[in-house]
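Everything below concerns the one structure shown next.
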Amino acid sequence: MLPMVHLKGPDENVEFRFKDLVVRHGARMRRQCGEPRDRFGARAPLRLGVACGVLSFALLAVAHARMWQFYAAGVLIGAGYGLSFAALGNLVVDTAGPADIGVAGGVNTIARTVGGAVGAQIAVAVLDAAGPAKAATTPGFPAESGYTSAFAVFALVACGALGASWAIPEKRHRVSSGGHQGRLRIPTD
Numbered sequence: 001m002l003p004m005v006h007l008k009g010p011d012e013n014v015e016f017r018f019k020d021l022v023v024r025h026g027a028r029m030r031r032q033c034g035e036p037r038d039r040f041g042a043r044a045p046l047r048l049g050v051a052c053g054v055l056s057f058a059l060l061a062v063a064h065a066r067m068w069q070f071y072a073a074g075v076l077i078g079a080g081y082g083l084s085f086a087a088l089g090n091l092v093v094d095t096a097g098p099a100d101i102g103v104a105g106g107v108n109t110i111a112r113t114v115g116g117a118v119g120a121q122i123a124v125a126v127l128d129a130a131g132p133a134k135a136a137t138t139p140g141f142p143a144e145s146g147y148t149s150a151f152a153v154f155a156l157v158a159c160g161a162l163g164a165s166w167a168i169p170e171k172r173h174r175v176s177s178g179g180h181q182g183r184l185r186i187p188t189d
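Numbered per the numbering used here, the sequence shown spans residues 1 to 189.
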């Protein structure tokens, strides 16, 4: 339930009802954002997000000398995370039974957290294995080959995730064609 929050505007006679704004905009977004999922399923954005991750890490493995290369990789990985994490949440809800959605969502969150921690440790191990940088201007930093290796390892891991995404069973979210059943109707006045 969304709480009703009344905020006074600059003119004390004007009230903003936060709940109405959130629900109306959420309903409008559902119409726009739900249609691709209804048409293509939740696996397509997952695959697209993981492919963005593969491209991002592959780009950094071969080109990391200029800032624009990091910016381009950052845009790709940001899009990849956004698509992948949202799609994973949808896939978890689609595959779990109604009584198990909370548990499945919790396991999804824990798996992402543990995966991030393990990934960070792998990156540190790969960087450390490369040894220290040879240049006198960067004492205490890993060698560039360590960064190249770490990005290549993560590109390969992302390729594995992309391959694993094809094993996810197809289950499309269907919207009934009979009227507005299952849809939230919000007045837009």
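The C-beta atom is built at its ideal place from N, Cα and C for all residues, glycine as well. All of these numbers come straight from a predicted model, not from anything done at the bench.
Assignment of beta-bridge partners to Pro-142 by DSSP yields Pro-132. Counting C-beta pairs closer than 8 Å gives fewer than three between the region 99-115 and the region 62-72, which falls short of the contact rule.
Shortest Cα-Cα distance from Lys-134 to any of Ser-145, Ala-164 and Leu-60 involves Ser-145. In the structure shown, Arg-66 adopts coil according to DSSP, grouped into three states. Around the beta carbon of Arg-39, fewer than 16 other beta carbons sit within 10 angstroms, so the residue counts as exposed. Exclusion of the five residues before and after Leu-76 leaves Cys-52, Gly-53, Leu-55, Ser-56 and Leu-59 as the residues of its chain whose Cβ lies within less than 8 Å of its Cβ. Using a C-beta cut-off of 8 Å, the region 115-126 makes no contact with the region 85-99, since fewer than three inter-stretch Cβ pairs fall below that distance. Short of 7 Å from the beta carbon of Gly-131, and not among the five residues preceding or following it, lie these beta carbons of its own chain, in chain order: Ala-143. Beyond the five residues adjoining it in sequence on each side, Asn-108 comes within less than 7 Å, by CB distance, of Leu-88, Gly-89 and Val-92 in the same chain, given in chain order. Shown here for Ala-73: same chain residues with a beta carbon closer than 6 Å to its own, the five before and five after excluded, namely Ser-56, Leu-59 and Leu-60 in chain order. Between Val-126 and Val-157, the beta carbon gap of about 11 Å keeps them out of contact (Cβ cut-off 8 Å).
One Cα belongs to Ala-129, the other to Tyr-81, and the distance between them is close to 28 Å.
By a beta-carbon distance limit of 8 Å, Val-62 does not contact Ala-161. Their separation comes to about 20 Å. Here Ala-86 really is in contact with Pro-45; their C-beta atoms are around 7 Å apart, less than 8 Å.
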